[in-house]
Amino acid sequence: MTTTLSAPPEPPGPSLGARLFGNSIAGPLAALVLACAFFALNTDRFLTGANLSLVIQQVMVVGTLAIGQTLIILTAGIDLSCGAIMAFGSIVMTRLAVHNGLPPLVAIAAGVGVCALFGLANGLLVTRVPLPPFIVTLGMLNIAFALTHVYSEEQTVTGLPDELTVLGSTFTIGGTDVTYGSVLAIALFLLFAYILGQTAWGRHVYAAGDNPEAARLTGIRVNRVLISVYTVAGLVYGIAALLLVARTGVGDPQAGQTDNLDSITAVVLGGTSLFGGRGVVLGTLLGALIVGVIRNGLQLIGVPSIYQILITGILVILAVTVDQISRRRAR
Amino acid sequence: MLGSLRPIRYTTLILSAALVLGACGGSGDSAATSSGESIKVGLITKTETNPFFVKMKEGAQKAAEAQGVELMTAAGRFDGDNASQVTAIENMIAAGVKGILITASDTKAIVPVLKRARDKGILAIALDTPTEPRDGVDALFATDNFKAGELIGKYAAAAFQGKEAKIATLDLNPGVTVGVLRHNGFLSGFGVPGIDPNATQQATDPRVVCSQDTAGDQAKAQTAMENCLQKDPDINLVYTINEPAALGAYTALKAAGKDKDVMIVSVDGGCTGVRAVQDGQIAATAQQYPLKMAEQGVTAVAEFARGGAKPSGYTDTGVTLIAAEPVEGVESQDVRFGLDNCWG
Amino acid sequence: MTAAATEPAVRPVLSARGLVKRYGHITALDGADFDLLPGEVLAVVGDNGAGKSTLIKALTGAIQPDAGEILLDGRPVRFRSPIDARRAGIETVYQDLAVAPALDIAENLFLGREVRRRGLLGTVFRMLDKKGMREQASRHMGELRIGLRSLTQAVETLSGGQRQGVAVARAAAWARHVVIMDEPTAALGVKESGQVLDLIRRVRDRGLPVVLISHNMPQVFEIADRIHVQRLGRRVAVVDPREREMSEVVAIMTGALRVDEAHPGRTVVVDAAAAEAAKVGSGGDQAAVGGRYGGRDARRGPEGGGPGGGERP
Chain W
1 MTTTLSAPPE PPGPSLGARL FGNSIAGPLA ALVLACAFFA LNTDRFLTGA NLSLVIQQVM
61 VVGTLAIGQT LIILTAGIDL SCGAIMAFGS IVMTRLAVHN GLPPLVAIAA GVGVCALFGL
121 ANGLLVTRVP LPPFIVTLGM LNIAFALTHV YSEEQTVTGL PDELTVLGST FTIGGTDVTY
181 GSVLAIALFL LFAYILGQTA WGRHVYAAGD NPEAARLTGI RVNRVLISVY TVAGLVYGIA
241 ALLLVARTGV GDPQAGQTDN LDSITAVVLG GTSLFGGRGV VLGTLLGALI VGVIRNGLQL
301 IGVPSIYQIL ITGILVILAV TVDQISRRRA R
Chain L
1 MLGSLRPIRY TTLILSAALV LGACGGSGDS AATSSGESIK VGLITKTETN PFFVKMKEGA
61 QKAAEAQGVE LMTAAGRFDG DNASQVTAIE NMIAAGVKGI LITASDTKAI VPVLKRARDK
121 GILAIALDTP TEPRDGVDAL FATDNFKAGE LIGKYAAAAF QGKEAKIATL DLNPGVTVGV
181 LRHNGFLSGF GVPGIDPNAT QQATDPRVVC SQDTAGDQAK AQTAMENCLQ KDPDINLVYT
241 INEPAALGAY TALKAAGKDK DVMIVSVDGG CTGVRAVQDG QIAATAQQYP LKMAEQGVTA
301 VAEFARGGAK PSGYTDTGVT LIAAEPVEGV ESQDVRFGLD NCWG
Chain F
1 MTAAATEPAV RPVLSARGLV KRYGHITALD GADFDLLPGE VLAVVGDNGA GKSTLIKALT
61 GAIQPDAGEI LLDGRPVRFR SPIDARRAGI ETVYQDLAVA PALDIAENLF LGREVRRRGL
121 LGTVFRMLDK KGMREQASRH MGELRIGLRS LTQAVETLSG GQRQGVAVAR AAAWARHVVI
181 MDEPTAALGV KESGQVLDLI RRVRDRGLPV VLISHNMPQV FEIADRIHVQ RLGRRVAVVD
241 PREREMSEVV AIMTGALRVD EAHPGRTVVV DAAAAEAAKV GSGGDQAAVG GRYGGRDARR
301 GPEGGGPGGG ERP
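Chains as they are written, first to last, in my numbering: chain W, 1 to 331; chain L, 1 to 344; chain F, 1 to 313.
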């Protein structure tokens with residue numbers, strides 16, 4: 001009678017391929033490097049500091065949205081409303097600052113706070129009723145969209161005070177102009193990478209998405225974790241709103257309409273599984289960069305932008321396929 | 001505990017279902033229909049939210065009051081949402097409208113349902129955007145979008161005085177008539193020979209070094225401009241499909257320190273855009289008149305319903321070049337005029 | 001109600017007296033008793049509807065009984081939720097492999113009870129002490145002699161038996177008083193079940209008593225020190241597997257046999273036809289099968305027993 005639960009007769013561990021493309025960011029990183037190499041070889045305008053700084057600025061708003069989306073998808077949920085919430089927040093902070101004359105920092109706080117409240121509402125509906133996240137955020141998408149247009153009266157808000165756009169201004173590193181907003185966004189990615197990887201809350205987020213029943217049985221308050229995830233995501237959407245305002249210099253009620261799905265694209269391309277429990281937030285950063293690099297690179301070599309959309313679609317399917325295969329192999 | 005939750009659950013479920021159905025079923029804030037003798041006129045715009053259409057709706061409502069007719073309105077959920085517009089037309093037919101005014105999201109796909117309306121004797125009028133084929137409607141009240149592009153093209157040509165131009169075009173979306181007309185009009189006005197005003201594809205020219213689609217969105221236009229500048233830093237003339245796109249281009253140019261060296265031209269004549277002309281961000285814009293389109297449309301239906309003649313053909317509702325600094329040989333109006341007549 | 005002769009001499013770690021639980025018209029527990037002695041593996045068996053699960057749910061705080069009391073180490077306790085029971089030192093292992101597949105072994109062991117680093121890193125930055133947790137996990141798995149290649153491999157790469165081993169190790173790591181296992185091998189094959197049973201033995205040998213709910217009689221007989229038979233909402237017998245046959249225990253479960261309360265070592269045939277069919281309690285050629293006590297017919301009168309007659313706890 002065997003006395004130990006020893007490994008040998010058991011199925012082999014994940015193959016090299018599965019390990020590469022499974023839980024780690026090696027897959028998205030390889031894809032990004034490949035894309036960069038391709039464009040660098042085809043045009044000498046790609047690999048310049050100025051151009052790369054530009055790409056980061058271009059993906060930072062969707063990338064920040066995607067941080068919140070990553071948190072939610074890790075819990076096996078999804079958020080179809082992030083872009084609309086961000087748009088509403090951006091209108092709130094700009095209108096309060098310009099039309100109501102509130103101190104800019106207060107206006108910013110109010111805009112971010114409103115986004116967090118939307119997140120909280122999403123979280124409560126998902127856990128207390130309960131309702132599937134797809135349905136909840138689909139409804140919230142429409143609500144936020146409508147509120148944005150009613151509150152803004154269809155007017156783009158201009159003439160913003162400096163505090164709202166300061167993140168759009170640049171400083172120079174080694175000859176390249178970098179915006180403060182880019183730095184903030186990257187710092188946010190690093191912060192959440194730390195939180196998800198090094199704190200108990202982060203573990204609970206993964207467990208809640210991986211096997212919520214098991215998590216519950218170990219004493220984790222899964223509903224509380226979910227509510228906090230959605231609320232924190234809302235807060236992050238508020239920061240994305242500020243980044244958007246800083247980048248474009250206006251409060252635009254038409255903004256963000258395609259960002260809902262674009263944020264999901266970044267998360268999926270970054271290797272996070274839509275079924276929850278697997279993925280890292282730095283992968284999302286890579287996913288966002290992949291989209292930005294492809295768009296920027298194709299424009300530099302003169303390919304019509306419709307092909308950027310085609311390629312992104314193909315990549316998304318590839319990424320999800322790789323995720324599925326690696327999960328099957330691991331079992 | 002379960003018992004007390006159940007009514008809450010049901011209510012929330014029903015509310016959510018209503019939201020989902022509302023989202024799926026397209027919008028339509030039809031004015032209350034009363035069975036009465038009043039003449040009903042339907043107005044269907046591409047979206048509820050674009051200020052251009054908001055203004056159109058306002059103009060229609062004013063004209064409806066003035067004419068003593070009842071206005072029903074509806075819209076798609078997004079630019080390109082043909083299905084909602086088809087549904088709206090069917091509903092209006094059922095409601096007994098005498099005429100339908102429409103800015104079509106899909107200029108081909110809307111024609112069959114418009115034919116059904118016309119077969120019942122309902123007047124069909126296109127606003128702002130012609131249908132394909134043009135005789136899909138009885139009449140068209142629109143800006144001549146080709147001419148709008150021509151005006152700003154001519155302005156740019158005169159301002160450049162033969163100086164070499166490197167052009168970027170920030171366009172709408174693939175295949176949308178309005179975008180094609182304005183783009184081609186601009187090139188034609190700028191001096192590119194042999195451009196067919198009825199072409200359905202965007203034309204090009206060696207001087208155009210970058211062409212990108214922006215969906216008319218400010219942030220997307222900003223990104224497109226940034227990338228165009230990366231591709232060719234010497235771009236000195238930018239054609240934009242509308243003023244939000246122009247503002248996005250301006251932000252990108254300003255960040256690159258090129259705002260003084262590059263000329264931006266645009267189309268629309270909304271108040272925000274005219275103010276941008278005033279501030280020197282946009283050099284010139286072709287102003288169009290959504291209010292006029294709506295007013296003339298409603299009036300035409302009212303007269304037809306009261307036994308008058310059917311309107312027909314194309315009525316140009318006018319387009320005016322607005323520029324802060326006029327150039328020789330090209331007629332334009334100043335910013336004051338622009339602000340007095342702007343919409344939004 | 002079991003006779004006073006069954007009051008154990010040693011104080012039980014966990015016991016219950018007179019538990020009652022009703023669901024509408026259905027009485028799930030009808031004055032049920034329970035005793036778990038230190039250092040033993042107690043199997044709880046019973047037919048469907050006998051109240052096994054309800055009994056275990058009451059002991060783990062998943063439900064609150066309508067009447068009766070529960071004593072832990074001799075002191076009365078009331079569990080309002082499973083968390084209460086956990087805090088009191090009772091850990092449970094479930095049959096559906098309640099582990100998080102995407103997390104690794106060390107993470108699963110510490111799930112819900114993560115350890116932070118000392119000092120500022122732990123308090124202000126909430127940083128986890130991953131190294132420390134891994135070391136503790138490794139030590140613990142070593143004590144239970146569970147050999148796995150690496151603690152950092154995701155649990156989903158393990159077989160069912162190994163996953164259940166992780167769940168058992170987790171329960172054993174945190175339990176201070178009792179480990180309760182609800183059909184832990186139900187989802188496993190024969191070989192893997194054997195490995196889990198070995199593990200259960202080692203848990204017991206390290207001093208933690210184990211309650212094992214099971215339908216699998218051979219496994220029960222292989223590993224249990226005593227067998228608690230539940231029937232119709234009550235404890236009807238506590239049996240020593242060395243002293244009884246499987247078929248007898250099954251008959252007690254179904255009610256074909258009844259434990260003689262005056263002489264707990266003996267069984268009384270209640271339902272002759274069923275007993276006949278089960279080949280229990282009919283004497284004669286049962287001598288070899290039934291051992292000293294198996295199924296002497298009450299009508300034959302007391303047999304006078306043999307070694308150990310009459311003093312079954």
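Think of the CB as a built atom: it goes at the ideal place given N, C-alpha and C, for glycine as much as any other residue.
- The shortest C-alpha to C-alpha distance from residue 150 of chain L to any of L:127, L:195, L:324 is the one to L:195.
- Residue contact with chain W for residue 130 of chain L: absent (no Cβ-Cβ distance below 7 angstroms to any residue of chain W).
- With respect to the C-alpha of residue 290 of chain W, the residue from W:89, W:269, W:232 having the closest C-alpha is W:269.
- If you draw a 10 Å sphere on the C-beta of residue 150 of chain W, you find fewer than 16 other C-beta atoms in it, and that means exposed.
- Contact annotation for residue 34 of chain W against chain L: no contact, minimum CB-CB distance about 20 angstroms [criterion: below 9 angstroms].
- Restricting attention to alpha helix (DSSP H) runs no shorter than 4 residues, the stretch 246-273 of chain W encloses them at 259-269, ordered along the chain.
- The straight-line gap separating the alpha-carbon atoms of residue 266 of chain L and residue 299 of chain W is approximately 22 angstroms.
- In the structure shown, the three-state DSSP call for residue 171 of chain W is strand.
- DSSP, reduced to helix, strand and coil, places residue 206 of chain W within a helical segment of the structure shown.
- W:313 is the residue among W:159, W:313, W:47, W:297 whose C-alpha sits nearest the C-alpha of residue 261 of chain W.
- Here residue 74 of chain L is bridged, per DSSP, to L:44.
- With contacts defined as CB atoms closer than 7 angstroms, residue 143 of chain L and residue 129 of chain L fail to qualify as a contacting pair.
- The continuous alpha helix (DSSP H) containing residue 164 of chain F extends over residues 160-174.
- Residue 163 of chain L counts as exposed, since fewer than 16 other beta carbons sit within 10 angstroms of its beta carbon.
- Neighbours of residue 210 of chain W in chain F, taken as residues whose beta carbon is under 7 angstroms from its own, are 100, 101, 102, 103 in chain order.
- Listed along the chain, the chain W residues whose CB falls inside 7 angstroms of the CB of residue 128 of chain F are 198, 199, 200.
- Per the DSSP secondary-structure output, residue 99 of chain L pairs in a beta bridge with L:41, L:123.
- With a threshold of 7 angstroms between beta carbons, residue 91 of chain F makes no contact with chain W.
- Short of 8 angstroms from the beta carbon of residue 277 of chain L, and not among the five residues preceding or following it, lie these beta carbons of its own chain, in chain order: 283, 284, 285, 322, 323, 324, 335, 338.
- Taking one beta carbon from each stretch, the stretch 38-46 of chain F and the stretch 227-239 of chain F have 3 or more pairs nearer than 8 angstroms; the two touch.
- None of the residues of the stretch 223-238 of chain W has a beta carbon lying less than 9 angstroms from any beta carbon of chain F.
- In this model, residue 85 of chain L and residue 210 of chain W are separated by some 43 angstroms (Cα to Cα).
- Every beta strand (DSSP E) of 3 residues or more that sits fully in the stretch 171-204 of chain F is shown, in chain order, as 178-182.
- For a cut-off of 8 angstroms, the C-beta gap from residue 45 of chain L to residue 55 of chain L is around 10 angstroms, too long to register as a contact.
- Contact annotation: the stretch 81-100 of chain W touches the stretch 141-158 of chain W, with at least three C-beta pairs closer than 8 angstroms.
- Note on geometry: alpha-carbon atoms of residue 122 of chain W and residue 184 of chain W lie some 26 angstroms from one another.
- Note that the stretch 95-104 of chain W does not touch the stretch 39-52 of chain W; fewer than 3 beta-carbon pairs, one per stretch, sit closer than 8 angstroms.
- In terms of Cα proximity to residue 307 of chain L, the closest of L:330, L:121, L:191 is L:121.
- Membership of residue 15 of chain F in the beta strand (DSSP E) is indicated by the continuous run 14-23.
- Annotation for residue 84 of chain F: the continuous alpha helix (DSSP H) segment containing it runs 82-87.
- For residue 53 of chain W, the enclosing alpha helix (DSSP H) begins and ends at 49-74.
- For residue 211 of chain L, the secondary structure class from DSSP, reduced to helix, strand or coil, is strand.
- One Cα belongs to residue 71 of chain L, the other to residue 148 of chain L, and the distance between them is close to 29 angstroms.
- Taking C-beta atoms as the reference points, residue 151 of chain F and residue 138 of chain F count as a pair closer than 7 angstroms.
- Residue 327 of chain L sits in coil when the DSSP states are folded into three classes, being neither helix nor strand.
- Taking a cut-off of 8 angstroms for Cβ pairs, the stretch 240-257 of chain W and the stretch 272-279 of chain W do not touch, as fewer than three such pairs fall below it.
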